[in-house]
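Undergrad: Residue 1338 is where the sequence shown starts when you use my numbering, and the numbers rise one by one after that.
Here it is, the structure in full.
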Amino acid sequence: MKLGKENWDVIIVGTGPSGACLALEIVRQHKKVLLLEKGRADISINIPKMLKNKEMMFIGNGKTLVRGIRTGGTSVLYYGTSYAPPAGLFAKFGIDLSSEVEELKRELPLAPLKDELIGPTAQKIRDSALNLGYAWGKLDKFIYQDLCAPGYFPYEAQWNAIRYVNDAVELGAVLLTCSEVTRVIVNGKKAVGVEATVQGERHKLYASKIVLSAGGLGTAQILQASAINKAGDGFFCDPITIVQGLTEGIEAGNEIPMAAGMIFEKEGFVLTDLTLPKLVYQLFSVQALRPNRVWQHGRTMGIMVKVRDGIGGSIKRRKVHKVFSEADKLKMQQGEGKAREILQHAGAKRLYNTVWTSAHPGGSARIGEVVDPNLKSEYDNLYVCDCSVIPTEWGLPPTLTVLALAKRLAKHLL
Ligand SMILES: Cc1cc2nc3c(=O)[nH]c(=O)nc-3n(C[C@H](O)[C@H](O)[C@H](O)COP(=O)(O)OP(=O)(O)OC[C@H]3O[C@@H](n4cnc5c(N)ncnc54)[C@H](O)[C@@H]3O)c2cc1C
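In structure tokens:
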């Protein structure tokens, strides 16, 4: 295929949940779709490699941010929990995602875990929280539960965007991995293509429509390089800490994370049980200066505190920076307090908090500021569809939301 000679109907940049879902919707309508993905197919967790390729990065004051640069995007690393889109936030812009969410519920394995699949520490935490009077409910998961058994949770049981990428490719979409888009090519006020390094070679690729789905950081960087300078001026990233303690008498360490939890809407944080993958647990123990805990994965129970941080900081091509406000720190403190109360009541001992990390960068190309309610940018034919368009801080895992946005955008483009 002569790359520069093709004229695609749609070029989609990024294969996370939003890009993958959009590609599938569009190729189903027999359009010529090119998917450009900076990373490659890889489901491993290799911390040194993740630091090197900026999947894990420091964003200021020793705090880290994690995302996926691989086929399937960050969903390859995620915990498969689904929260409904923030209807009120979108309604202000005349956006209603309810029919798209219904479609997704029919397509995807979205349901709370069956009781027998809830792991022993998640169950203990849930009993403790309920006993203390908290409305600690089961969470919807993106999990094919018939592939799991108590204590058995194979990687392929969790839905991720690789499935949509594969389906799109099967229907004729072209996927180029190791292909980094650097900027959008603009003619007057019209976007006509992208510049990309495809497997080491520079290319100009042309399409009738271009959609940036490169994630909360990647999209803002491409927009800036394309002279849309408002992008990346502030973002949220939902910082988290995990309060962890030691437990006796149960085999911990190998269970489905985020089985149940509670949203503290007014206070601005959410709590859920969280058993980390062993390698990540060990890294976090070292980072929190608890080397004695490195080998205690099988005795550890933890609650994740995730905070709704305000929009702030900046995303530049070479640097992503965010200093959390006093209000964000206060929310975290309150969340930690509740997590400690629940864990102590559950009998956990020697509690400590992990260092803050973040997993949901977004709000960096906000609807109403950088894109319009149809997700169109100031250039004709250039759209954004991923976490960056979320109009303000929200504080909850966004995968279902970006999938619904992708389905909605597909209808608009077709
Ligand atoms: C540890 C962890 C746990 C999580 N758990 C949950 C959860 O339980 N539930 C939930 O809803 N969410 C969770 N998330 C967040 C969720 O995975 C992301 O919000 C979601 O994947 C965002 O989708 P996206 O399509 O917007 O972006 P991404 O999934 O980040 O995809 C962006 C894609 O664009 C590619 N890209 C970037 N720049 C370029 C470029 N210049 N050129 C070409 N390609 C580029 C990237 O390689 C990537 O593949 C979690 C995240 C982490 C890190």
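For glycine and all other residues, C-beta sits at the position ideal for the given N, C-alpha and C.
1. From the DSSP output, in three-state form, read off Thr1729 for me.
2. In its own chain, which residues sit with a C-beta less than 7 Å from the C-beta of Thr1394, not counting the 5 before and 5 after it?
3. Please report how far the alpha carbon of Ile1349 lies from the alpha carbon of Ala1741, in whole angstroms.
4. Among Ala1486, Glu1588, Gln1482, which residue has its Cα nearest to the Cα of Gln1495?
5. Assuming contact is defined by CB atoms lying nearer than 8 Å, are Lys1478 and Tyr1720 in contact in what I supplied?
6. Would you check if the stretch 1667–1675 and the stretch 1633–1648 touch, i.e. whether three or more CB-CB distances between them fall below 8 Å?
7. Do Glu1437 and Lys1744 have their C-beta atoms within less than 8 Å of each other?
8. Can you tell me which of the three DSSP states Gly1474 falls into?
9. Looking only at its chain, what residues have a beta carbon closer than 8 Å to the beta carbon of Pro1487, apart from the 5 residues adjacent to it on each side?
10. Quick check on Glu1663: does DSSP put it in helix, strand or coil?
11. Using only alpha-carbon positions, find the residue among Gln1619, Gly1553, Glu1444, Leu1680 that is nearest to Ile1382.
12. Could you tell me if the beta carbon of Lys1400 falls within a distance shorter than 7 Å of some heavy atom in ligand 1?
13. Taking just the CA atoms, how far does Asp1723 sit from Glu1493?
14. Once DSSP output is grouped into helix, strand and coil, what is the label at Val1692?
15. I need the boundaries of the alpha helix (DSSP H) containing Gln1558, first residue and last residue.
16. Within the present structure, is the beta-carbon of Val1692 separated from the nearest heavy atom of ligand 1 by less than 7 Å?
17. Taking Ser1695 and Ser1725 to be in contact with their CB atoms under 8 Å, please state how far apart those CB atoms are, rounded to whole angstroms.
18. Within this structure, are the beta carbons of His1682 and Pro1735 separated by less than 8 Å?
19. Using 8 Å as the threshold, is the C-beta distance between Gly1417 and Ile1499 below it?
20. Can you tell which of Ala1551, Leu1513, Ala1597, Gly1598 has its C-alpha closest to the C-alpha of Glu1392?
21. Helix, strand or coil, according to DSSP, for Ile1492 in the structure here?
22. Helix, strand or coil: how does DSSP classify Arg1745 here?
23. Can you round the beta-carbon distance between Gly1650 and Gly1571 to whole angstroms, since I take them to be within the 8 Å contact cut?
24. With hydrogens ignored, establish whether the beta-carbon of Ser1381 is closer than 7 Å to any heavy atom of ligand 1.
25. Three Cβ pairs or more, each shorter than 8 Å: is that satisfied between the stretch 1424–1437 and the stretch 1553–1564?
26. Starting from the Cα of Ser1516, find the closest Cα among Ala1533, Ala1544, Ala1466 and give me that residue.
27. Would you give the residue range spanned by the beta strand (DSSP E) that Met1393 belongs to?
28. Quick one: is the Cβ of Gly1474 within less than 7 Å of any heavy atom of ligand 1?
29. How close, in whole Å, do the beta carbons of Ala1360 and Ala1510 come, if the pair is a contact with beta carbons under 8 Å?
30. Hey, is Ala1551 close to ligand 1, as in C-beta under 7 Å from one of its heavy atoms?
31. Just tell me which of Ser1419, Leu1340, Phe1427, Val1692 has its CA closest to the CA of Leu1447.
32. Rounded to whole angstroms, what is the Cα-Cα separation between Gly1376 and Leu1513?
TA: Considering the structure as presented:
1. Stepping through the sequence shown from its first residue, residue 1729 is reached at position 392. Coil.
2. Position 57 of the sequence shown, counting from 1, holds the residue named residue 1394. It is worth fixing the name first, because residue 1394 is Met in this sequence and not Thr. So the list reads Thr1401, Leu1402, Val1657, once near-sequence residues are dropped.
3. Along the sequence shown, read from residue 1 onward, the residue named residue 1349 stands at position 12. Along the sequence shown, read from residue 1 onward, the residue named residue 1741 stands at position 404. Ile1349 and Ala1741: Cα-Cα distance of roughly 16 Å.
4. On the sequence shown, position 158 is the one that residue 1495 refers to. For the residues Ala1486, Glu1588, Gln1482, the minimum Cα distance to Gln1495 belongs to Gln1482.
5. Here residue 1478 refers to the residue found at position 141 of the sequence shown. Here residue 1720 refers to the residue found at position 383 of the sequence shown. No. Outside cutoff.
6. yes
7. Here residue 1437 corresponds to residue number 100 of the sequence shown, with the count starting at 1. Here residue 1744 corresponds to residue number 407 of the sequence shown, with the count starting at 1. It is a contact, given that the beta carbons lie within the stated cut-off.
8. Residue 1474 sits at position 137 when you count from the first residue of the sequence shown. If DSSP states are grouped into helix, strand and coil, Gly1474 belongs with the strands.
9. Here residue 1487 refers to the residue found at position 150 when the sequence shown is read from its first residue. Answer for Pro1487: Glu1453, Leu1454, listed in chain order.
10. What you label residue 1663 is simply residue 326 of the sequence shown in a count that begins at 1. Helix, per DSSP.
11. Locating residue 1382 in the sequence shown gives position 45, where the first residue counts as 1. The shortest C-alpha separation from Ile1382 is found at Gln1619.
12. Residue numbering aside, residue 1400 sits at position 63 when the sequence shown is read from its first letter. Flag unset: Cβ of Lys1400 not near ligand 1.
13. Taking the sequence shown and counting its residues from 1, one reaches residue 1493 at position 156. Taking the sequence shown and counting its residues from 1, one reaches residue 1723 at position 386. When rounded, the distance between both Cα atoms is 24 Å.
14. Counted from its first residue, the sequence shown places residue 1692 at position 355. Correct three-state label for Val1692: coil.
15. Within the sequence shown, the letter at position 221 stands for residue 1558. Residues 1552–1562.
16. Start at 1 with the first residue of the sequence shown, and residue 1692 comes out as number 355. Not so, every heavy atom of ligand 1 lies at least 7 Å from the Cβ.
17. Taking the sequence shown and counting its residues from 1, the one referred to as residue 1695 is at position 358. Taking the sequence shown and counting its residues from 1, the one referred to as residue 1725 is at position 388. That pair is no contact at about 15 Å.
18. Walking along the sequence shown from the start, residue 1682 turns up at place 345. Walking along the sequence shown from the start, residue 1735 turns up at place 398. No, they are not a contact pair.
19. On the sequence shown, position 80 is the one that residue 1417 refers to. On the sequence shown, position 162 is the one that residue 1499 refers to. Result no, Cβ atoms of Gly1417 and Ile1499 do not sit closer than 8 Å.
20. Residue mapping note: residue 1392 aligns to position 55 of the sequence shown, counting from 1. Nearest option by C-alpha distance: Ala1551.
21. Locating residue 1492 in the sequence shown gives position 155, where the first residue counts as 1. Correcting the residue type first, residue 1492 is Tyr in the shown sequence and not Ile. Three-state DSSP puts Tyr1492 in a helix.
22. In the sequence shown, residue 1745 corresponds to position 408, counting from 1. Reduced to three states, the DSSP call for Arg1745 is helix.
23. Position 313 of the sequence shown holds residue 1650. Position 234 of the sequence shown holds residue 1571. So it is a contact: roughly 7 Å between Cβ atoms.
24. Within the sequence shown, the letter at position 44 stands for residue 1381. Flag unset: Cβ of Ser1381 not near ligand 1.
25. no
26. For the purposes of this step, residue 1516 is identified with residue 179 of the sequence shown, where counting begins at 1. That would be Ala1533, whose Cα lies nearest to the Cα of Ser1516.
27. Counted from its first residue, the sequence shown places residue 1393 at position 56. Unbroken beta strand (DSSP E) run through Met1393: 1393–1397.
28. In the sequence shown, counting from the first residue as 1, residue 1474 sits at position 137. The answer is no for Gly1474.
29. Translated into positions along the sequence shown, residue 1360 becomes position 23. Translated into positions along the sequence shown, residue 1510 becomes position 173. Confirmed, Cβ separation roughly 5 Å.
30. By 1-based counting over the sequence shown, the position of residue 1551 is 214. Yes, ligand 1 has a heavy atom inside 7 Å of this Cβ.
31. Position 110 of the sequence shown, counted from the start, is the residue given in the question as residue 1447. Residue Ser1419 is the option with its Cα nearest to Leu1447.
32. Residue numbering aside, residue 1376 sits at position 39 when the sequence shown is read from its first letter. Residue numbering aside, residue 1513 sits at position 176 when the sequence shown is read from its first letter. Roughly 9 Å separates the two Cα atoms.
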